[in-house]
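8 is the number of the first residue of the sequence shown in my numbering; add one for each residue after it. Yeah, the Cβ is synthetic: ideal placement off N, Cα and C, and Gly gets one too. Bear in mind that the values here come from a model prediction, so they are computed numbers and not experimental data.
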Amino acid sequence: MPSSLHDVIDQTLSLYDGLFTQVRIDRRLASDLPSVRLDADQMKRVLINLVDNAIEATDKKGTVVISTEFDRTHGRVRLGVADDGPGIPAEDREKLFVPHFSTKKRGSGLGLAIVNRIVQEHQGVIRVEDNRPRGARFVVELPA
Ligand SMILES: Nc1ncnc2c1ncn2[C@@H]1O[C@H](COP(=O)(O)OP(=O)(O)O)[C@@H](O)[C@H]1O
Ligand SMILES: [Mg+2]
């Protein structure tokens with residue numbers, strides 16, 4: 008079902024209203040975003056996992072930036088979740104999406120494995136990069 012990714016973002020972020028008083032969640036949303044074929048509930052789960060991780064990375068006091076972008080040339084929509092936490096060490100990068108990999112005391116390590124599966128089911132890809140000037144940035148790419 009073609010849906011608006013921005014509606015999914017709005018609905019998901021409203022869940023965080025008033026929950027983390029020292030976290031700022033900014034949106035940088037594209038004005039020309041086409042609709043995407045997506046399962047809205049599953050995509051909410053993707054966002055929740057990425058935003059929860061981002062908030063935890065900032066120790067619940069930082070900035071999280073949600074962005075969207077339309078790559079017209081490749082017919083793809085990009086969703087970014089960036090934080091200004093410590094970032095991800097190079098040696099951890101390929102383990103992130105493996106089930107049960109966690110660096111947290113009480114982490115299940117399942118969040119990103121689930122995210123990865125849902126993104127794949129949408130014929131998308133996910134990657135992680137360095138955020139600037141600091142932190143991590145997860146990028147989900149979906150067919151427009
Ligand atoms: N935004 C982030 N910044 C830094 N590290 C992250 C971030 N997101 C995920 N990670 C790393 O990836 C690991 C796996 O994440 P996840 O699968 O969601 O499991 P969990 O959150 O239960 O640890 C985390 O334990 C952490 O080491
Ligand atoms: Mg997690």
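- With respect to residue 83, residue 148 sits close: the two C-beta atoms are nearer than 9 angstroms.
- Environment of ligand 2, chain-ordered: 60 and 118, taking every residue with Cβ within less than 5 angstroms of a heavy atom.
- Ligand 1 has a heavy atom closer than 8 angstroms to the beta-carbon of residue 90.
- Per DSSP, residue 110 is not a residue of any alpha helix (DSSP H), being assigned neither H nor E.
- For residue 55, the shortest separation between its Cβ and any heavy atom of ligand 1 does not lie below 8 angstroms.
- The segment 68 to 80 makes contact with the segment 34 to 42, as at least three CB pairs between them are under 8 angstroms.
- Shown here for residue 108: same chain residues with a beta carbon closer than 7 angstroms to its own, the five before and five after excluded, namely 102 and 116 in chain order.
- For residue 13, the CB contacts under 8 angstroms within the same chain, skipping 5 residues up- and downstream, are 36, 40 and 75 in chain order.
- The three-state secondary structure of residue 101, taken from DSSP, is coil.
- Ranked by Cα distance from residue 25, the first of 144, 67 and 51 is 67.
- Within the DSSP secondary-structure output, residue 9 pairs in a beta bridge with 44.
- Residue pairing of residue 143 in beta bridges, as defined by DSSP: 137.
- Distances from the CA of residue 129 to each of 139, 150 and 23 were compared; the closest alpha carbon is that of 150.
- For residue 86, the uninterrupted beta strand (DSSP E) segment begins and ends at 83 to 90.
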